[in-house]
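Here the structure is laid out as structure tokens; the discussion comes afterwards.
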Amino acid sequence: MMQTRNVMLAGAVLAWLCSLPAAAGQAQSRLEPSASQEPTTQSTSPNTVQQERDGATWFDRMQQALRTQNFSASLVHVQGQRVELFRWLHGRTEDGVELELLFSLNGPDIYLVRQNQQVSYFHPMISPYSLRAQALFGPIPTAFYESFDRISPSYSAVAMGGGRVLDRPAQHIRLVPKDQQRFGYSLWLDRETGMLLRMATVAPTGDILEQVQLTSLDFSTEIQTDLLQVQDSPMPPLVRDPDAGSALQHEWRQTWLPEGFSRVRANHHRLPMTGIAADYFLYTDGMTRVSVYVSQDPRASTNLQYEGLESLYTHRHRDFSVTVVGRLPMETLQRIAASVAR
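Using mature numbering (1 follows the signal peptide of the UniProt record, and there is no 0), the letters of the sequence shown map in sequence onto residues -24 to -1, 1 to 318.
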């Protein structure tokens, strides 16, 4: 069992690496006690090919709803003992401009605004900035804004039974990983529109690690006034990469990654709080992200391991250390860390 000081240190590292508190690593969400566990997704095969076809069709209906519907919603995002409330608006103008707004209702006053493929971030602790992106980076996975083909190499979409969510008839689909290297997901979609109503991140054990639940949802034929005001407001300057550092210091090779993961960022920078210099790599499969930090600084060689929704693992090689942080099973992080080579 990990010593208390190492657990505290791991939690601190998670906080400055991922901007998430250590409390987010609690094993289960208790938003709904009756839904604290799901059947194990990794070991369950779809009953029929038709279930997979239906699941993919429902996923694409959700994607279309997220892209085309004019809606105003409130949602609660639960990670362990951390609970966040958001307001979420989306619409399309008469000339085809897609607008989306997500802002927090508790804690720091954070706003995210998307106009087509430009996303602007407003946070009280940093200067606002804009960047090119297909979707907002928030509680809704970016893969939900693309067709199911984007994640089909790594997940099966399986249509399950029906249910009732937010006083609406709902279709339950499960995103079942095709390997043992990642978490699964359960989605509940509005039967009438395909709109996402609820999402749960499910561990290989069946424990629910995270939940997103809409608490209100309204559709309209006209775009929301708040969105039109956003369109008329000046946005911060477009930057190439707000987290860009200098060029990589060494030529590292990532000899293994789970199927479907690709690199979206690589740079060299000093980490906050510690000042440790590291080469940094960010990978995604569309549903989740994983960060890899490679450093030759002796201070980075401390053995750390923290398991939860956002897990952390440090692996010591002969003359460098690798720290991996991400929403993946611990065994996957360990294999990623061990597979970094010169």
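Ideal Cβ positions, reconstructed from N, Cα and C, are used throughout, including at glycine.
Would residue i and residue j qualify as a contact pair, given that the criterion is a beta-carbon distance under 8 Å?
i      : j      : result
GLY67  : LEU75  : yes
VAL240 : LEU224 : no
PHE124 : PHE195 : no
GLU28  : PRO129 : no
MET263 : ILE127 : yes
HIS291 : ASP255 : no
ARG108 : GLN91  : no
GLN55  : GLU186 : yes
ARG37  : LEU151 : no
ALA135 : GLN147 : yes
LEU65  : LEU190 : no
PRO145 : ARG167 : yes
SER96  : SER80  : no
Going by DSSP, what residue range makes up the beta strand (DSSP E) through residue i?
i      : result
GLY47  : The question names Gly, but residue 47 in the sequence shown is Phe. Run containing PHE47: 47 to 55, per the beta strand (DSSP E) assignment.
ALA242 : 238 to 246
The alpha helix (DSSP H) spanning residue i covers which residue range?
i      : result
TRP34  : 25 to 44
ARG311 : 306 to 314
THR201 : 201 to 208
According to DSSP, which residues form a beta bridge with residue i?
i      : result
MET175 : LEU163 and VAL188
THR290 : THR299
GLN147 : GLY138 and LEU165
PRO153 : TYR131
GLU60  : HIS53
ARG216 : ARG216 is not bridged to any residue.
GLN230 : VAL316
ALA253 : ARG246
SER222 : HIS244
LEU285 : In DSSP, LEU285 forms no bridge with anything.
Should residue i be labelled buried (16 or more other beta-carbon atoms within 10 Å of its own) or exposed?
i       : result
ALA(-1) : With a pLDDT of 34 at ALA(-1), under the threshold of 50, the predicted position of this residue should be treated as unreliable, though the coordinate-derived value follows. Buried is the call here.
MET101  : exposed
VAL25   : exposed
SER192  : exposed
ALA317  : exposed
PRO213  : exposed
ASP71   : exposed
ARG275  : exposed
GLU286  : buried
SER238  : exposed
Check whether chain B comes within 8 Å of residue i, counting only Cβ atoms and requiring the distance to be less than that.
i      : result
PRO115 : Among the chains in the structure shown there is no chain B, since it carries only a single protein chain.
Worksheet item: Residue ranges of each beta strand (DSSP E) run of no fewer than 3 residues wholly in the stretch 62 to 128, ordered along the chain?
Response: If we require 3 residues or more, the beta strand (DSSP E) runs fully inside the stretch 62 to 128 come out as 74 to 80, 87 to 91, 94 to 99 and 102 to 108.
Fill in: 3 or more residues per run - each beta strand (DSSP E) lying fully within the stretch 256 to 282
Taken in chain order, the whole beta strand (DSSP E) runs of length 3 or more contained in the stretch 256 to 282 are 265 to 271.
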